[in-house]
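To start, the structure itself, in structure tokens.
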Amino acid sequence: GSMDLDIDGHMHPTHHLVRAPSTAPGYSGKLMGERQRPTDMRGVWLMLAGLAIAGTAMVLGFVTAPGAKGFEGDSYRIIFWHVPAAWTSFITFGMLFVGSLAWFWKRSEWGWTLAGVAAELSLLFGLCVVTSGPSWGAAEWGVPWDWTDARLNTYGVLSAIALFLVLSRRSQPDTPEFRDVFAGIGLFGFLLVPITYMATRWWQERHPGPVIGGGEESGVDSVILQIWLLAFLGMVILMIGQAMVSWAVSY
Numbered sequence: 022g023s024m025d026l027d028i029d030g031h032m033h034p035t036h037h038l039v040r041a042p043s044t045a046p047g048y049s050g051k052l053m054g055e056r057q058r059p060t061d062m063r064g065v066w067l068m069l070a071g072l073a074i075a076g077t078a079m080v081l082g083f084v085t086a087p088g089a090k091g092f093e094g095d096s097y098r099i100i101f102w103h104v105p106a107a108w109t110s111f112i113t114f115g116m117l118f119v120g121s122l123a124w125f126w127k128r129s130e131w132g133w134t135l136a137g138v139a140a141e142l143s144l145l146f147g148l149c150v151v152t153s154g155p156s157w158g159a160a161e162w163g164v165p166w167d168w169t170d171a172r173l174n175t176y177g178v179l180s181a182i183a184l185f186l187v188l189s190r191r192s193q194p195d196t197p198e199f200r201d202v203f204a205g206i207g208l209f210g211f212l213l214v215p216i217t218y219m220a221t222r223w224w225q226e227r228h229p230g231p232v233i234g235g236g237e238e239s240g241v242d243s244v245i246l247q248i249w250l251l252a253f254l255g256m257v258i259l260m261i262g263q264a265m266v267s268w269a270v271s272y
């Protein structure tokens with residue numbers, strides 16, 4: 022080491038002290054040389070592209086789509102957001118099922134991560150559905166929610182499950198027991214997806230019946246269908262981008 026002079030003119034070795042990294046609870050500083058997880062910019066760009074496509078579809082739905090048979094006025098046009106969001110949420114609940122099953126079956130870390138990411142996405146798109154649907158219902162039925170309608174209530178339970186999973190994952194200690202409970206609820210939630218999808222075929226109440234594959238009386242204008250599919254494409258791209266960004270942060 023180097024030598025320093027004290028006030029009496031004597032030479033003393035200089036000891037260079039290096040502070041040890043802090044290990045105190047709550048320490049969040051980055052150590053020198055520690056690799057920080059970068060944001061997946063591909064995911065960010067996909068999110069922006071998905072928003073642009075879905076937004077374009079919404080504009081087309083209000084500007085170019087014709088009136089819908091059986092509905093009065095323009096209140097039905099919220100379906101260009103409502104229906105694609107519901108379709109996308111079914112995909113995210115499927116992802117939740119795969120992740121939960123992978124954790125149960127293989128104790129897979131990627132499965133656990135996928136289940137967490139999918140729960141957040143299911144909550145996001147579920148909220149898009151349960152906020153847009155009542156807005157249309159209030160205009161079309163005079164009430165925002167009908168507690169006798171199977172489709173509404175099964176989907177409401179689905180969204181509540183996603184909310185519970187997200188809040189519990191953020192508040193509970195990460196233990197094998199908690200992961201098992203989380204995955205079990207995730208598996209149960211997915212079982213509601215086919216029930217929700219088939220609800221308007223089995224128990225037709227206020228909710229409109231299926232317009233695709235619903236029999237001879239079903240059907241939808243080709244322009245409306247094209248805009249629907251465009252919005253669905255945009256939301257799927259948005260969902261994939263969000264999943265990529267969340268995965269980069271979580272895994």
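Going by our numbering, the residue at position 63 of the sequence shown is 84; the numbering climbs one at a time, nothing skipped.
Here a beta-carbon is modelled for each residue, glycine too, at the ideal position from N, C-alpha and C.
Which same chain residues, not among the five before or five after residue i, have their C-beta less than 7 Å away from its C-beta?
{"i": "ALA107", "result": "VAL150"}
{"i": "SER271", "result": "THR134, GLY137 and VAL138"}
{"i": "TRP7", "result": "The structure shown does not extend to residue 7, since the chain is modelled only from 22 through 272, so no value can be given for it."}
Please report the straight-line C-alpha distance between residue i and residue j, rounded to a whole angstrom.
{"i": "THR217", "j": "ALA171", "result": "8 Å"}
{"i": "PHE253", "j": "GLY205", "result": "29 Å"}
{"i": "VAL266", "j": "HIS103", "result": "24 Å"}
{"i": "GLN247", "j": "VAL187", "result": "34 Å"}
{"i": "GLY290", "j": "GLY163", "result": "Residue 290 is absent from the structure shown; the chain starts at 22 and stops at 272."}
{"i": "MET219", "j": "SER180", "result": "17 Å"}
{"i": "GLU130", "j": "PRO197", "result": "11 Å"}
{"i": "GLY262", "j": "MET68", "result": "5 Å"}
{"i": "GLU161", "j": "ASP95", "result": "10 Å"}
{"i": "THR152", "j": "ALA183", "result": "15 Å"}
Looking at residue j and residue i, is the spacing between their C-beta atoms short of 8 Å?
{"i": "THR113", "j": "PHE146", "result": "yes"}
{"i": "MET260", "j": "THR77", "result": "no"}
{"i": "TYR244", "j": "PRO87", "result": "Looking at the sequence provided, one finds Val at residue 244 rather than Tyr. Result yes, Cβ atoms of VAL244 and PRO87 sit closer than 8 Å."}
{"i": "LEU213", "j": "VAL178", "result": "yes"}
{"i": "GLY132", "j": "ALA140", "result": "no"}
{"i": "ALA264", "j": "LEU148", "result": "no"}
{"i": "TRP203", "j": "SER189", "result": "The residue asked about is misnamed: residue 203 is Phe in this sequence, not Trp. In contact: PHE203 and SER189 (Cβ atoms closer than 8 Å)."}
For residue i, collect the residues of the same chain with a Cβ closer than 6 Å to its Cβ; drop the 5 residues on either side in sequence, then sort them by chain order.
{"i": "GLY207", "result": "LEU117, SER121 and ALA136"}
{"i": "ALA75", "result": "ALA252, GLY255 and MET256"}
{"i": "ARG98", "result": "GLY82 and PHE83"}
Using DSSP with H/G/I as helix, E/B as strand and the rest coil, what is residue i?
{"i": "GLY163", "result": "coil"}
{"i": "PRO215", "result": "helix"}
{"i": "ALA136", "result": "helix"}
{"i": "GLY235", "result": "Residue confidence is low: GLY235 scores 49 on pLDDT, short of 50, so the model does not pin down where it sits. Its coordinate-derived value is still stated next. In the structure shown, GLY235 sits in coil (DSSP, three-state: anything other than H, G, I, E or B)."}
{"i": "PRO194", "result": "coil"}
{"i": "TRP157", "result": "helix"}
{"i": "TRP224", "result": "coil"}
{"i": "VAL241", "result": "coil"}
{"i": "PRO87", "result": "coil"}
{"i": "TRP168", "result": "coil"}
{"i": "SER129", "result": "coil"}
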